[in-house]
Amino acid sequence: MTDTARVRAWLSLGSNQSPRRYLPSAIADLRESFGNLTISTVYESEAVGFTGENFLNLVVGIHTSLSVEAVNRRLKEIETRHGRVRNEERFAARTLDIDLLTYGDQIIEGDGIRLPRDEILRYAFVLLPLSEVASDEIHPEEGKSYQQLWQGFDRSAQALWPVVLELEREDRAPGG
Numbered sequence: 001m002t003d004t005a006r007v008r009a010w011l012s013l014g015s016n017q018s019p020r021r022y023l024p025s026a027i028a029d030l031r032e033s034f035g036n037l038t039i040s041t042v043y044e045s046e047a048v049g050f051t052g053e054n055f056l057n058l059v060v061g062i063h064t065s066l067s068v069e070a071v072n073r074r075l076k077e078i079e080t081r082h083g084r085v086r087n088e089e090r091f092a093a094r095t096l097d098i099d100l101l102t103y104g105d106q107i108i109e110g111d112g113i114r115l116p117r118d119e120i121l122r123y124a125f126v127l128l129p130l131s132e133v134a135s136d137e138i139h140p141e142e143g144k145s146y147q148q149l150w151q152g153f154d155r156s157a158q159a160l161w162p163v164v165l166e167l168e169r170e171d172r173a174p175g176g
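Using full-length UniProt numbering, read the sequence shown as starting at 1 and increasing by one per residue.
In structure tokens form, the structure reads like this:
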């Protein structure tokens, strides 16, 4: 495929088990798989849905000519290499969780894939970093920019704060 056929996709990464080890390593694997990355600020937040260690979360942008299914397979391979166990409960501690949030402006539902992910509108730890790196991009279903969605988001129930995590800086978002 040519560069014109490449799609911008956004990923959400999170970890609450040795995140300072797993997240930088996952970034390196993503860079190896997809090339240049756009990387948000890293945010810390309390676990949602269970009692556990705080999570570190960020959003990463990639350009790819791979299909949605191939991207998902690659992400699952990276998770597995980083100790992710597949029989975990939905809300549980994670060495690494990588979710495909968007794939261009496509709306996809089927074969276990729902894009854009509902988590974008549900969780501050997804929407805030996404609004930072894709502020002017439009949510395919809501018809609003991620910055507009963040401005209208009820932040009172989900506290999060920026943290410093050593990642390779050349691909960081401005101000990140």
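C-beta atoms are modelled at their ideal positions from N, C-alpha and C, and glycine is treated no differently.
Predicted model, so just to flag it, every value in this text is computed and none were measured.
Spatial neighbours of residue i in its chain, beta-carbon cut-off 6 Å, leaving aside the 5 residues before and after
i, result
"Val-42", "Leu-56, Leu-58, Val-163 and Leu-165"
"Thr-4", "Reliability of the predicted coordinates at Thr-4 is poor, the pLDDT of 49 falling under 50, and no value is obtained from them."
"Ile-138", "Ser-145"
"Asn-158", "Asn is not the amino acid found at residue 158; the sequence shown has Gln there. Here the set comprises Ala-124."
"Ala-75", "The identity of residue 75 in the sequence shown is Leu, whereas the question assumes Ala. Counting only Cβ-Cβ distances below 6 Å, and skipping sequence neighbours, we find Ile-98."
Whether residue i touches residue j by CB criterion (7 Å)
i, j, result
"Thr-38", "Val-133", "yes"
"Ser-12", "Val-126", "yes"
"Leu-121", "Tyr-103", "no"
"Tyr-146", "Ser-135", "yes"
"residue 247", "Trp-161", "Nothing can be reported for residue 247, as the shown portion of the chain is limited to 1 through 176."
Own chain, CB closer than 7 Å to residue i, minus 5 neighbours either side, in chain order
i, result
"Glu-109", "none"
"residue 181", "Lying outside 1 to 176, the shown extent of the chain, residue 181 is not represented and no answer is given."
Element boundaries [alpha helix (DSSP H), containing residue i]
i, result
"Ile-120", "119-122"
"Arg-114", "No alpha helix (DSSP H) contains Arg-114, which is instead part of the beta strand (DSSP E) from 113-115."
Assumed close pair residue i, residue j - CB separation to whole angstroms, cut-off 8 Å
i, j, result
"Ala-26", "Glu-53", "Actually they are not in contact, since the Cβ atoms of Ala-26 and Glu-53 sit about 17 Å apart, beyond 8 Å."
"Leu-167", "Pro-24", "6 Å"
"Leu-96", "Ser-15", "5 Å"
Own chain residues within Cβ distance below 8 Å of residue i, not counting five before or after
i, result
"Gly-175", "Below a pLDDT of 50, predicted positions are generally treated as unreliable, and Gly-175, at 46, falls in that range; no measurement from the model is reported."
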